[in-house]
Amino acid sequence: MDQKRPTDEEMAAEKPLKPVLQKPPGFRDEQNPPTTEPPSGTAPHPRRRPRPIHPVSLYPEKKRRWSRCRVFCCCFCIFLAVILLLLLIAGAVFFLWYSPKLPVVRLASFRTSSFNFSSGKTDDGWSFLTADAATMLDFRNPNGKLGLFYGDADVAVILGEKDFETNLGSTKVKGFVQKPGNRTAVIIRTRVRTQQVDDPTAKRLRAELKSKKLLVKVSAKTKVGLAVGSRRIVTVGVSLKCGGVRLQTLDSQMAKCTITVLKWYVSI
Numbered sequence: 000m001d002q003k004r005p006t007d008e009e010m011a012a013e014k015p016l017k018p019v020l021q022k023p024p025g026f027r028d029e030q031n032p033p034t035t036e037p038p039s040g041t042a043p044h045p046r047r048r049p050r051p052i053h054p055v056s057l058y059p060e061k062k063r064r065w066s067r068c069r070v071f072c073c074c075f076c077i078f079l080a081v082i083l084l085l086l087l088i089a090g091a092v093f094f095l096w097y098s099p100k101l102p103v104v105r106l107a108s109f110r111t112s113s114f115n116f117s118s119g120k121t122d123d124g125w126s127f128l129t130a131d132a133a134t135m136l137d138f139r140n141p142n143g144k145l146g147l148f149y150g151d152a153d154v155a156v157i158l159g160e161k162d163f164e165t166n167l168g169s170t171k172v173k174g175f176v177q178k179p180g181n182r183t184a185v186i187i188r189t190r191v192r193t194q195q196v197d198d199p200t201a202k203r204l205r206a207e208l209k210s211k212k213l214l215v216k217v218s219a220k221t222k223v224g225l226a227v228g229s230r231r232i233v234t235v236g237v238s239l240k241c242g243g244v245r246l247q248t249l250d251s252q253m254a255k256c257t258i259t260v261l262k263w264y265v266s267i
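0 is the number of the first residue of the sequence shown in numbering that gives the first Met the number 0; add one for each residue after it.
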């Protein structure tokens with residue numbers, strides 16, 4: 000008996016069907032990449048050529064080269080910082096070891112050898128003062144290890160107060176040197192000749208001088224410096240103001256002066 004050959008449809012029906020695998024999200028087929036055609040009417044974007052990959056040995060090595068100016072600036076800054084540090088250390092050691100102090104100055108006395116008023120023209124309201132005065136200042140060096148030296152000083156003496164102030168002359172006093180712990184008295188001589196003064200001021204000055212209620216003021220500008228042995232190291236410009244004290248007070252005690260530092264000078 001002749002057997003019938005199965006048809007293709009029957010053979011396909013007999014074979015088991017394989018399940019279709021779904022592609023995971025983000026899957027990209029490298030062998031069959033999807034082709035996207037640009038929309039009609041637009042030119043395709045040109046593709047960039049891939050950069051050639053060179054071996055590591057072919058890349059040029061970048062060397063850091065510092066300019067001479069930068070090296071000089073760095074060296075100078077380091078040198079300056081070291082110098083400043085050394086100066087700070089030396090200054091700290093100096094102040095701790097010597098404990099430098101400014102001098103103590105007092106107004107010790109005031110004397111007049113002549114103090115006369117002469118009248119001017121009749122009823123003109125003016126008189127003329129002729130006077131010679133000697134003012135003594137007491138300088139004391141409070142430093143036990145440091146000497147003090149004083150520069151030339153410009154000194155002025157003023158009598159009276161407020162609207163009755165009268166200049167009794169100014170002079171220059173020569174500088175001097177003080178040893179540690181030393182005390183020095185400086186006499187300042189001033190004089191005026193036929194200085195014009197109004198009559199109310201002349202009358203009041205004459206009366207206050209007689210009663211010893213006359214107010215005396217002394218001002219000076221000088222330089223004070225520190226010395227280690229014969230070596231001068233630091234000089235300070237100072238302003239000196241003594242007074243606001245009456246003659247009757249000076250007979251029993253000295254009046255302390257105030258010192259104001261103006262400028263710093265460094266001796267080399």
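C-beta: ideal position from N, C-alpha, C; glycine also.
Sub-8 Å separation of residue i and residue j beta-carbons
| i | j | result |
| --- | --- | --- |
| residue 130 | residue 109 | no |
| residue 246 | residue 202 | no |
| residue 99 | residue 142 | yes |
| residue 242 | residue 223 | no |
| residue 176 | residue 154 | no |
| residue 253 | residue 158 | no |
Three-way DSSP call (helix, strand, coil) for residue i in this model
| i | result |
| --- | --- |
| residue 136 | strand |
| residue 101 | coil |
| residue 204 | helix |
| residue 66 | coil |
| residue 209 | helix |
| residue 145 | coil |
| residue 241 | strand |
Burial state of residue i (16 or more Cβ within 10 Å)
| i | result |
| --- | --- |
| residue 102 | buried |
| residue 138 | buried |
| residue 92 | exposed |
| residue 126 | buried |
| residue 193 | exposed |
| residue 268 | Within the shown structure, residues of the chain are numbered from 0 to 267, placing residue 268 beyond reach of any answer. |
| residue 187 | buried |
| residue 251 | exposed |
| residue 257 | exposed |
| residue 227 | exposed |
| residue 62 | Bear in mind that the predicted position of residue 62 carries a pLDDT of just 49, short of 50, making it unreliable; the figure below should be weighed with that in mind. Exposed, since its Cβ has fewer than 16 Cβ neighbours within 10 Å. |
| residue 267 | Caution applies to residue 267, whose pLDDT of 34 falls short of 50 and renders its modelled position unreliable; the value that the coordinates give is listed next. Residue 267 is exposed by the Cβ-count criterion. |
| residue 132 | buried |
Pick from the options that is closest to residue i, judged by C-alpha positions
| i | options | result |
| --- | --- | --- |
| residue 184 | 136, 233, 89 and 248 | 136 |
| residue 215 | 177, 255 and 196 | 255 |
| residue 191 | 82, 128 and 96 | 128 |
| residue 237 | 124, 163 and 260 | 260 |
| residue 181 | 145, 160, 168 and 164 | 145 |
| residue 104 | 248, 240 and 225 | 240 |
Chain B contact for residue i (CB, 8 Å cutoff)
| i | result |
| --- | --- |
| residue 146 | Note that chain B does not occur in the displayed structure, where there is just one protein chain. |
Checklist entry - Three or more beta-carbon pairs under 8 Å between the stretch 143 to 150 and the stretch 191 to 208, yes or no? => result Segments in contact, no.
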